[in-house]
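Comments concern the structure below.
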Amino acid sequence: MQIKWLDDLLAIAELKNFSRAAEVRCVTQSALSRRIRSLEEWVGVELVDRGTYPVQLTAAGVTFCEEGREALAGLLRLRSTLREVERMPGRSIQVTAGHSLSMTFLPKWLSQFQQHNEQFNARVVAANIHDAVIALEEGSCDLMMVYHHPLAPILLNPERFGSLTLGHDAFIPLCAANDRGEPLFRLPGSSGKPVPYLAYTATTFLGRVADIVIKNGPAPVVLERCYEADMAMLLMRMAIEGYGVAWLPQSAVVDEMERGLLVRAGGEEWSTRLEIRSYCAIANQNPTMRNLWKTLESASLRLLTAAIQNQEMTPKAS
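Residue numbering for the sequence shown follows full-length UniProt numbering, beginning at 1 and increasing consecutively.
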């Protein structure tokens, strides 16, 4: 049995809806259903009554949830105790960041932040958003740093977790260039000449955002899915080699664009804006994390105040 299966069942017990539970668990509804089936096969009985609406647990499911919740809580407490022993010495925080952000935004942000604030040690783990959220919810990290998009939100309980905006990034379609510096492929493509598409796997956050951009584009797009990966850096390498078009965070490809290795395969209408967000558990008691969060809150408040003042000073058209 996998622990994530129990988390899936707990989400269904709370939300009583497979679709909403899948959103919270950051997986597709079909993937969630398969995992619940796997759990039921492991237990040997049905745990979810699929003949009711809203969805209800069976009597066995209720018992399994109650016992499983206690067992899981005990395991998490034990893990927290063991990890505390292995925590980095001195002032330190544990950071879980999205794969792309851990290699692009995070190193620069840490350097700039510590130039003007107290120094601290950081242990960084790169993860997909699903695993990052689990790490935050289970207390495995002090700070989570991930991308956010309004049409693909991360559903965290605001009573348990605070969030702050650290910056923004463009999410743009890119491909290799020909000898004249022009894109090898252009959106939206046509039935006679579809655009080879370097796609994210279905359960990734950036894959969901790419689907949103494509769906809301200015024209029907004709793509031929020829490669899939769960990390932007893998898609970037394939794009550079001329295999097709990939939607990538601009911060991850600045050097490649400046060197002409990658060019835009479409205009601004095929792009969107990503927010870089940090998350912290409100109950987090790590003093280094608390001081860091207070500093970030103060900086965020100053930026908001300045933006409001600029709006007030801007002349309004009569």
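We put the CB at the ideal spot given by N, CA and C, even for glycine.
Query	Result
Option nearest Val-27 by Cα separation, candidates Asp-7, Glu-256 and Phe-64	Asp-7
For Gly-162 and Leu-106, the rounded distance between their alpha carbons	19 Å
Residues near Ala-229 by beta carbon distance below 6 Å, same chain, minus five either side	Leu-235
At least three beta-carbon pairs within less than 8 Å, the segment 264-278 to the segment 140-153	yes
Beta-carbon gap between Leu-206 and Val-195 smaller than 9 Å	no
Distance, Val-263 Cα to Leu-292 Cα	38 Å
Burial state of residue 352, where buried means 16 or more other Cβ atoms lie within 10 Å	With the chain running from 1 to 318 in the structure shown, residue 352 is simply not present.
Exposure label - Asp-169; buried when at least 16 CB within 10 Å	buried
Contact check, Ala-73 vs Ala-176, beta carbons under 9 Å	no
With 16 other Cβ atoms within 10 Å as the buried cut-off, status of Ala-307	Confidence is the limiting factor: at Ala-307 the pLDDT is only 48, short of 50, which leaves the residue's position unreliable and the question unanswerable from this model.
Three-state class that DSSP yields for Ser-19 in the structure shown	helix
Close Cβ partners of Val-124 (< 7 Å) along its chain, the five nearest in sequence each way excluded	Val-95, Ala-97, Ser-102 and Leu-106
The segment 244-252 in contact with the segment 50-70 per 3-pair CB rule at 8 Å	no
First through last residue of the alpha helix (DSSP H) which encompasses Glu-46	No alpha helix (DSSP H) holds Glu-46; DSSP gives it neither H nor E.
Through-space distance from Ala-281 to Asn-17, alpha-carbon basis	26 Å
Burial state of Leu-32 (16 or more Cβ within 10 Å)	buried
His-130, enclosing alpha helix (DSSP H) - first and last residue	129-137
Identified DSSP bridge partners for Pro-249	Phe-171
Where Arg-277 sits in the DSSP three-state scheme	strand
Arg-50, buried or exposed, once every other Cβ within 10 Å from all chains shown has been counted against 16	exposed
Coarse secondary structure for Thr-203, derived from DSSP in three states	coil
Neighbour-count burial assignment, Trp-5, 16 or more Cβ in a 10 Å radius	buried
Beta-bridge partners of Ala-126, as assigned by DSSP	Ala-97
Cα-Cα separation, Ile-214 to Pro-153	18 Å
Residue from Lys-193, Ala-232 and Gly-192 whose Cα sits closest to the Cα of Ala-210	Ala-232
Nearest-angstrom beta carbon gap, Val-24 and Leu-151 [assumed within contact, 8 Å]	Contact doesn't hold; Cβ gap of about 16 Å is too wide.
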